[in-house]
Structure formats: structure tokens, C-alpha cells
Amino acid sequence: MKPVEKATSVGMGLVSGALAASLFRQVWKLASGRDDAPEADDPDRTWTEVLVAAAVQGAIFGLVRAAVHRAGARTFQRRR
150 MKPVEKATSV GMGLVSGALA ASLFRQVWKL ASGRDDAPEA DDPDRTWTEV LVAAAVQGAI
210 FGLVRAAVHR AGARTFQRRR
């Protein structure tokens, strides 16, 4: 991987993480009516709430990361 591609990939990773975090907060607020997602060690939250939040967060992060990296790969592929 060329240095420019590597730097771009790292930058896209940071952007995709921030985008996914923002999207997760919005989805969680819409789904649960609460501003904050549960932490695993929060004694006031149920198992179901914690595990559903973790599953939704993982799905969103995976989807956004894959979409951003795929778009970047296609962009570099077209430039060659």
C-alpha cells in the first residue's frame, strides 16, 4: 500500500468511527428514548438493554466501517 493510500485509509477509519458513533447515538435515542446508551457495568440497566445496545452498536460500526473503506478502495482503484 502506498503512503498516500495508507494515510487516507487511517483518516477514513477515524472519520468512519466518528460517523458511526454519531449515528449510533441517534439510533439509540430514537429507539430507547434515552440520550445515553447503557454501559456494560451499569447496575441500573437490564441485561437485555445492555446486550441490545452492544449488538446495535456493533452492527452500525461494522456497516459504516465497511461502507467507508469500500468507497475508499473503489476510489483508489479507479485512479490507477
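Reading the sequence shown from the start, the letters are residues 150 to 229 in the working numbering. Every residue gets a Cβ at the ideal spot worked out from N, C-alpha and C, and that includes glycine.
Beta-carbon spacing of Ala189, Ala203 below 9 Å | Along the sequence shown, one-based indexing puts residue 189 at 40. Along the sequence shown, one-based indexing puts residue 203 at 54. Yes, the Cβ-Cβ distance between Ala189 and Ala203 is below 9 Å.
Three-state secondary structure assigned by DSSP to Thr157 | Counting from one through the sequence shown, the residue named residue 157 turns up at place 8. Looking at Thr157 - three-state DSSP - the assignment turns out to be helix.
Local conformation of Thr197 per DSSP, three classes = As a working mapping, residue 197 is identified with position 48 in the sequence shown. Helix.
Using the Cα positions of Pro152 and Asp184, report the straight-line distance between them to the nearest angstrom.
-> Residue mapping note: residue 152 aligns to position 3 of the sequence shown, counting from 1. Residue mapping note: residue 184 aligns to position 35 of the sequence shown, counting from 1. Between Pro152 and Asp184, the C-alpha separation is close to 40 Å.
Using the Cα positions of Thr195 and Gly160, report the straight-line distance between them to the nearest angstrom.
-> Residue mapping note: residue 195 aligns to position 46 of the sequence shown, counting from 1. Residue mapping note: residue 160 aligns to position 11 of the sequence shown, counting from 1. So the alpha carbons of these two residues sit roughly 36 Å apart.
DSSP on Arg183, reduced to helix/strand/coil?
-> By 1-based counting over the sequence shown, the position of residue 183 is 34. The answer is coil: DSSP assigns Arg183 none of H, G, I, E or B.
Rounded Cβ spacing between Leu231 and Val213 (contact assumed at less than 8 Å) = Lying outside 150 to 229, the shown extent of the chain, residue 231 is not represented and no answer is given.
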